[in-house]
Amino acid sequence: MLGTGASGPANPVGGDREIALSNMALAFQRALGGIDPAEVGSVCVGTAGALSLTEEVRELSADLKRRFGTGCDVQVVSDAVIAFAAGSSASDGTVVVSGTGAVAFAIRDRTPHLRSDGYGWLFGDAGSGFWLGREAVRAALRHIDGNGPGGRLVEAIIAAIAPDKRRSGALVAKCMADPPVRLSRFSALVCEAADGGDPVAESIVARAVGHLAESVSYVVDRELPIVMAGSLLTRPTPIAALLQERFRLVYPKAGISKATDPAIGAAWMAASAFVTDPEARVRLHRQLAWR
1 MLGTGASGPA NPVGGDREIA LSNMALAFQR ALGGIDPAEV GSVCVGTAGA LSLTEEVREL
61 SADLKRRFGT GCDVQVVSDA VIAFAAGSSA SDGTVVVSGT GAVAFAIRDR TPHLRSDGYG
121 WLFGDAGSGF WLGREAVRAA LRHIDGNGPG GRLVEAIIAA IAPDKRRSGA LVAKCMADPP
181 VRLSRFSALV CEAADGGDPV AESIVARAVG HLAESVSYVV DRELPIVMAG SLLTRPTPIA
241 ALLQERFRLV YPKAGISKAT DPAIGAAWMA ASAFVTDPEA RVRLHRQLAW R
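In the UniProt record's numbering, the protein residues as written are 1 to 291.
Below, the structure is given as structure tokens:
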């Protein structure tokens, strides 16, 4: 890999489109360094909003091509696709993502096929960082009101939200003042407490693993690769360890892997345009992913 580049938020659907596209162009320029964009022969962009776009994909692709200054077309795909490609060189398989949100997809010919969850904080995302945070706060509320056990996690949540006001109303008011997805910041406390043997945290982690495993069960092909993606599944968390163990037991014929940086998946998909030999594509994938 010759270079990388970073910028700000870049979801053309969930936020300000102009800012998103400008940030994409900035990241592209930074990755190129001094290379002339006209020399670029293939570009792949993975974005969280791609699944919400239909005819707009062509417009987005053309807009990005103009902003990037390339002579080639810009391929726009779902971030789930590049997450899968960051963990497997196969064209078909399953990807399960758990970060702030959670979703599982069947991937067919490097395209999202069947979907399970990913409905956002209000309607789904079971087993996500948001879900973990919400369950942790609920446990703290029950304990304060005398309806549930305390322990390391509960005390950590109270200390993080309202250490001087041990009242359920105070916790609710503090949390309601923030955007709902901010609850995902407590997912690290859940994982740390679970690793430390806290029963409340262990219960939340076990239920999160159950939700993620259930989402995968609706879309999985038992003999195709399964890629685990998102911060909660690619970092050394108890959720990642337990889910990987479950997958190996339930789907023994499916190769289980963790995604690397999603940008690796996008780079590999772009580079694959020049590599037609299947074995060469696998070697290229290993080189990019340092495997």
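For each residue, glycine too, the CB sits at the ideal point set by N, CA and C. Note that the structure is a prediction, hence the values are computed from the model and not measured.
- Cβ neighbours of D117 within its own chain (closer than 7 Å, five residues either side excluded): A102, V103, A104, G124, D125, A126 and S215.
- In the structure shown, V219 falls within a coil segment according to DSSP collapsed to helix, strand and coil.
- Restricting attention to beta strand (DSSP E) runs no shorter than 3 residues, the segment 13 to 85 encloses them at 43 to 47 and 74 to 78, ordered along the chain.
- Residue pairing by DSSP places R115 opposite F105 in a beta bridge.
- Secondary structure of K174 (DSSP, three-state): helix.
- DSSP places T234 inside the alpha helix (DSSP H), whose first and last residues are S231 to T234.
- In the DSSP assignment, G93 falls outside any alpha helix (DSSP H) and within the unbroken beta strand (DSSP E) covering G93 to S98.
- With fewer than 16 neighbouring CB atoms inside 10 Å of its own CB, D16 falls in the exposed class.
- Rounded to whole angstroms, the gap between the alpha carbons of A170 and D92 is 49 Å.
- With 16 or more other Cβ atoms inside 10 Å of its own Cβ, F247 counts as buried.
- DSSP places S257 inside the beta strand (DSSP E), whose first and last residues are I256 to K258.
- Close CB contacts of K174 within its chain, under the 8 Å cut and outside five residues either way in sequence, are with I161 and A162 (chain order).
- Under the DSSP assignment, F130 falls in the alpha helix (DSSP H) whose first and last residues are G129 to I144.
- In the displayed model, V209 falls within a helix according to three-state DSSP.
- Residue pairing for M228: DSSP places it in a beta bridge opposite V96 and K258.
- The beta carbons of I82 and P236 sit no closer together than 7 Å.
- By the criterion of a C-beta distance shorter than 6 Å, V57 is surrounded in its chain by V76, once the five residues flanking it on both sides are discounted.
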